[in-house]
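Trainee: Numbering-wise (UniProt numbering), the sequence shown opens with residue 1 and increments by one.
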Amino acid sequence: RGHFQTSTGARKNPQILFFQIKIKNYCSIFTGYLMNERRAVEMSRKSPFASWLCAMLHCFGSYILADLLLGESPIDYFSNNSSVILATAVWYLIFFCPMNVFYKCVSFLPMKLIFVAMKEVVRVRKIAAGVHHAHHRYHHGWFIMMATGWVKGSGVALMSNLEQLLRGIWKPETNEILRMSFPTKASLYGTILFTLQQTRWLPMSEANLIFFFTMFMIVCKVFMTATHSHASPFAPVESFICPVFFGSVSSGHSSHHHDQHGASHEVSQPLPPPAKSKEELNEGTRKRKAKKAE
1 RGHFQTSTGA
11 RKNPQILFFQ
21 IKIKNYCSIF
31 TGYLMNERRA
41 VEMSRKSPFA
51 SWLCAMLHCF
61 GSYILADLLL
71 GESPIDYFSN
81 NSSVILATAV
91 WYLIFFCPMN
101 VFYKCVSFLP
111 MKLIFVAMKE
121 VVRVRKIAAG
131 VHHAHHRYHH
141 GWFIMMATGW
151 VKGSGVALMS
161 NLEQLLRGIW
171 KPETNEILRM
181 SFPTKASLYG
191 TILFTLQQTR
201 WLPMSEANLI
211 FFFTMFMIVC
221 KVFMTATHSH
231 ASPFAPVESF
241 ICPVFFGSVS
251 SGHSSHHHDQ
261 HGASHEVSQP
271 LPPPAKSKEE
281 LNEGTRKRKA
291 KKAE
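#1: Thinking C-alpha only, which one of Cys59, Cys242 and Ser44 is nearest Lys119?
#2: Could you give the residue range of the alpha helix (DSSP H) that holds Thr174?
#3: How is Pro74 classed by DSSP in three states: helix, strand or coil?
#4: Can you tell me whether Trp201 is helix, strand or coil according to DSSP?
#5: Going by CA-CA distance only, name the one from Lys46, Ala40 and Ser154 that's closest to Phe182.
#6: Measure the alpha-carbon distance for Ile144 versus Gly61 and round it to whole angstroms.
#7: Would you please state the rounded distance, in angstroms, between the beta carbons of Ala157 and Thr184? I believe it to be under 8 Å.
#8: Throw me the rounded Cβ distance for the Ala128 and Ile210 pair, which I believe falls under 8 Å.
#9: According to DSSP, is His228 helix, strand or coil?
#10: Contact between the stretch 215-229 and the stretch 161-172 is defined here as three or more beta-carbon pairs at a separation below 8 Å; is this criterion met?
#11: Excluding the 5 residues preceding and the 5 following Leu57 in the sequence, name in chain order all residues of the same chain whose CB lies nearer than 8 Å to its CB.
#12: Should Lys213 and Gly190 be called a contact, given that it needs their Cβ atoms to be closer than 9 Å?
#13: Going by DSSP in three states, Gly149 sits in which element: helix, strand or coil?
#14: Please state the DSSP three-state secondary structure of Met99.
#15: Grab me the residues of Gly2's own chain with a C-beta within less than 6 Å of its C-beta, minus the 5 sequence neighbours each way, in chain order.
#16: Tell me whether Phe245 sits in a helix, a strand or coil according to DSSP, three-state version.
#17: With DSSP collapsed to three states, give me the class of Gly141.
#18: Take the Cβ of Leu109 as the centre, count every other Cβ of all protein chains shown within 10 Å, and call the residue buried at 16 or more, exposed below.
#19: Can you tell which of Glu238, Ile192 and Phe49 has the C-alpha that lies nearest to the C-alpha of Trp142?
#20: Taking only three categories from DSSP, how would you classify Phe115?
#21: In this structure, does DSSP put Met43 in helix, strand or coil?
#22: So, at 7 Å on beta carbons, what are the nonlocal neighbours of Glu42 in its own chain, with the 5 sequence-adjacent residues on each side left out?
#23: Helix, strand or coil: which one does DSSP assign to Met56?
#24: When every heavy atom of the ligand GTP is checked, does at least one fall within less than 8 Å of the C-beta of Asp67?
#25: Straight-line CA distance for Leu70 to Tyr138?
#26: When you compare only the Cα positions, how much space is there between Thr225 and Glu176?
#27: In chain order, what residues of the same chain have a beta carbon less than 6 Å from the beta carbon of Ser51, not counting five sequence neighbours either side?
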């Protein structure tokens, strides 16, 4: 579909075959990340099928979500036997290669940077293909284009909770929509640009937009991987724009919490006893004097 076709169509177009090879290569980096996940290695020994299924979700999760959004078969991409077999081979080498030789080669920093750069090239192509495919089906459906392109670029992260359930882990606080990582945010912003380009609101050719956005993604991800940084490049812009349009979450929440706490504190504290009048005080003094006289 779009830029990505089956192997038969790839033979007719060398460019499509070139990007299919990149997809197969970035499967290794996705599967390699499973080695750092909690209980992933242990699960590969106890339940190899569940481990393989998690690896397939990492490799093809974006296609599954995009097919579900567009009302197509979510298992259609698994008809590409060469991609599934190669992804399975990479999964086996990652987890069961003697002395972890394959994983050590993939995780070696220079090799890792190459895989990261290739993965971002494929990510941008997938975003453009998703928007193009949705535009072909829904010519005026802007939100459908953006949703399809977004899941094409970050479908693996959006399916992380399902993948965790397959590994016997439930961490709802890691929901990618609540706490977006840099690739997920970049995919969202990128799909907005590609949607504007497809609808002729952005005066730029698709090839130029793919080139500039790909270079931006490669530079950011390679730098973040090389420096082991988790800071988002969008943070300075978001910290300036979000308070203007959406308000300051911390200040509003704290003031609201302070008002609620103050109200509850006032209610919980017992009211002081009413002050005694002057006549009651004089009466009490006379009674004490009478008792002393007795």
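Note that the Cβ used here is the ideal one computed from N, Cα and C, for glycine as well.
Mentor: Answer, in terms of the structure:
#1: The residue you call residue 119 lines up with position 119 of the sequence shown. When each option's Cα is compared against that of Lys119, the closest is Cys59.
#2: Here residue 174 refers to the residue found at position 174 when the sequence shown is read from its first residue. It is not in any alpha helix (DSSP H) - Thr174 carries neither H nor E in the DSSP assignment.
#3: For the purposes of this step, residue 74 is taken as the residue at position 74 of the sequence shown. Note: Pro74 maps to coil in three-state DSSP.
#4: Along the sequence shown, one-based indexing puts residue 201 at 201. Note: Trp201 maps to coil in three-state DSSP.
#5: Taking the sequence shown and counting its residues from 1, the one referred to as residue 182 is at position 182. Ranking Lys46, Ala40 and Ser154 by Cα distance to Phe182 puts Ser154 first.
#6: Counting from 1 along the sequence shown, the entry for residue 144 is found at position 144. Counting from 1 along the sequence shown, the entry for residue 61 is found at position 61. Approximately 18 Å, taken between the alpha carbons.
#7: Here residue 157 refers to the residue found at position 157 of the sequence shown. Here residue 184 refers to the residue found at position 184 of the sequence shown. Contact between Ala157 and Thr184 holds, since their C-beta atoms are separated by about 5 Å, short of 8 Å.
#8: As a position in the sequence shown, residue 128 is number 128, starting the count at 1. As a position in the sequence shown, residue 210 is number 210, starting the count at 1. Rounded, the Cβ-Cβ distance is 6 Å, consistent with contact.
#9: The sequence position of residue 228 within the sequence shown is 228, counting from 1. Here His228 carries a coil assignment [DSSP, helix/strand/coil].
#10: Taking a contact to require three or more Cβ pairs closer than 8 Å, the stretch 215-229 and the stretch 161-172 do not qualify as touching.
#11: Position 57 of the sequence shown, counting from 1, holds the residue named residue 57. The residues are Ile64, Val156, Met159, Leu162, Glu163 and Leu166.
#12: Residue numbering aside, residue 213 sits at position 213 when the sequence shown is read from its first letter. Residue numbering aside, residue 190 sits at position 190 when the sequence shown is read from its first letter. Note that residue 213 is Phe in the sequence shown, not Lys. Result yes, Cβ atoms of Phe213 and Gly190 sit closer than 9 Å.
#13: If you number the sequence shown from 1, residue 149 lands on position 149. Reduced to three states, the DSSP call for Gly149 is helix.
#14: Within the sequence shown, residue 99 is the residue found at index 99, counting from 1. Met99 carries a helical assignment under DSSP once its states are collapsed to helix, strand and coil.
#15: For the purposes of this step, residue 2 is taken as the residue at position 2 of the sequence shown. Its pLDDT being 43, under 50, Gly2 is placed unreliably by the model, and the measurement read from it follows with that caveat. Its chain contains Ala129, His132 and His133 as the residues whose beta carbon lies nearer than 6 Å to that of Gly2, once the 5 sequence neighbours on both sides are disregarded; these appear in chain order.
#16: Taking the sequence shown and counting its residues from 1, one reaches residue 245 at position 245. Helix.
#17: Start at 1 with the first residue of the sequence shown, and residue 141 comes out as number 141. DSSP, reduced to helix, strand and coil, places Gly141 outside both helices and strands of the structure shown, so it counts as coil.
#18: Within the sequence shown, the letter at position 109 stands for residue 109. Exposed: under 16 other Cβ atoms inside 10 Å.
#19: Residue 142 sits at position 142 when you count from the first residue of the sequence shown. The residue with the shortest Cα to Cα distance from Trp142 is Ile192.
#20: As a working note, residue 115 is residue 115 in the sequence shown. Helix.
#21: Here residue 43 refers to the residue found at position 43 when the sequence shown is read from its first residue. In the structure shown, Met43 adopts helical secondary structure according to DSSP, grouped into three states.
#22: Numbered from 1 along the sequence shown, position 42 holds the residue referred to as residue 42. If we look at Glu42 and ignore the five residues flanking it on each side, it has no Cβ neighbours.
#23: As a position in the sequence shown, residue 56 is number 56, starting the count at 1. In this structure, DSSP gives Met56 a helical state, which the three-state scheme calls helix.
#24: This structure lacks the ligand GTP, and indeed carries no ligand of any kind.
#25: Here residue 70 is taken as the residue at index 70 of the sequence shown, counted from 1. Here residue 138 is taken as the residue at index 138 of the sequence shown, counted from 1. For Leu70 and Tyr138, the distance between alpha carbons rounds to 10 Å.
#26: As a working mapping, residue 225 is identified with position 225 in the sequence shown. As a working mapping, residue 176 is identified with position 176 in the sequence shown. If I take the Cα positions, the gap works out to 19 Å.
#27: For the purposes of this step, residue 51 is taken as residue 51 along the sequence shown, with counting starting at 1. Answer for Ser51: Met43 and Ser44, listed in chain order.
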